[in-house]
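Residue 168 is where the sequence shown ends in the numbering used here, and the numbering goes up by one at each step. For glycine and all other residues, C-beta sits at the position ideal for the given N, C-alpha and C.
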Amino acid sequence: MTHLDGADNDQAKGPGHGPRAAAREIADAVESLTDLWTVAAQESTPRLSLHQLKALRAVAEAPGLNLTALAERLDIGMPTASRLCDRLEAAGLLERGTHPFSRREVQLRLTLPGRQVLNDVAGRRAQALAAVLGLMEPGDTIALRRGLQALHTARDAGRSRPADPDGR
């Protein structure tokens with residue numbers, strides 16, 4: 001459970017009031033969603049770690065990505081990225097190839113089985129989420145979708161201006 005207590009705690013206003021109370025509730029929901037996501041990913045074959053899945057997704061989003069760029073995207077060191085790619089290549093999910101203009105640079109590409117694993121994981125995650133959403137009242141599902149769209153819009157708007165330390 002996530003707790004975001006601080007000097008400007010808004011619990012005095014009562015439950016469900018203020019951005020900090022909402023942040024606590026949303027953080028708990030995100031943790032539940034993360035658990036659901038992880039379980040769905042662990043049911044795939046072959047069973048991959050979250051780092052391995054993130055690496056496959058990064059390469060899927062940017063075919064031809066080099067090892068340095070992958071390490072930066074995953075916020076890991078080069079040796080770790082190299083070992084990660086070694087394991088994915090050994091599993092037949094990733095292939096390394098020489099860059100057409102720079103023989104010293106190695107490009108990373110998904111194999112067909114690599115794409116199939118990502119599709120399988122995405123399908124399992126969607127199915128698990130649909131099962132949970134199916135237990136919700138239709139009005140709650142609509143409200144959740146609207147709230148997530150608003151969150152996404154606010155996040156994008158916040159990226160274009162400096163963050164306010166007070167959360168306003």
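Review point. Between V174 and S102, what straight-line distance do the alpha-carbon atoms span, to the nearest angstrom?
Key: Outside the shown range of the chain (1 to 168) lies residue 174, about which nothing can therefore be said.
Point to revise | Proximity winner among L118, R47, L94, relative to Q107 (alpha-carbon distances) | key: L94
Check your understanding: Would you say V121 and S44 are within 9 Å of each other, going by their C-beta atoms?
Key -> yes
Point to revise | When V59, A150, D28 are compared against T111, the one with the closest alpha-carbon | key: V59
Exercise for review: Assign T80 to one of three DSSP states: helix, strand, or coil.
Suggested key: helix
Check your understanding: Is the CB-CB distance between T38 and L50 below 9 Å?
Key -> yes
Practice item. Indicate whether R109 and G97 have their beta-carbon atoms separated by less than 9 Å. Key: yes
Practice item. Could you name each continuous beta strand (DSSP E) segment of 3 residues or more that falls completely within the stretch 61 to 123, going from the start of the chain to the end? Key: 94 to 98, 106 to 110
Check your understanding: Does DSSP put R47 in a helix, a strand or coil?
Key -> coil
**Study point:** Nonlocal neighbours in the same chain, by C-beta distance under 6 Å from A128, ignoring five residues either side
**Key:** L36, A40
Practice item. Output yes or no for whether 9 Å exceeds the beta carbon distance between A81 and A71. Key: yes
Check your understanding: What number of angstroms, rounded off, separates the C-alpha of G18 from the C-alpha of R24?
Key -> 10 Å
Check your understanding: In its own chain, which residues sit with a C-beta less than 8 Å from the C-beta of Q149, not counting the 5 before and 5 after it?
Key -> none
Practice item. Helix, strand or coil for R20, going by three-state DSSP, please let me know. Key: helix
Practice item. Assign R57 to one of three DSSP states: helix, strand, or coil. Key: helix
Check your understanding: Mind checking whether L65 and I76 have CB atoms under 9 Å apart?
Key -> no
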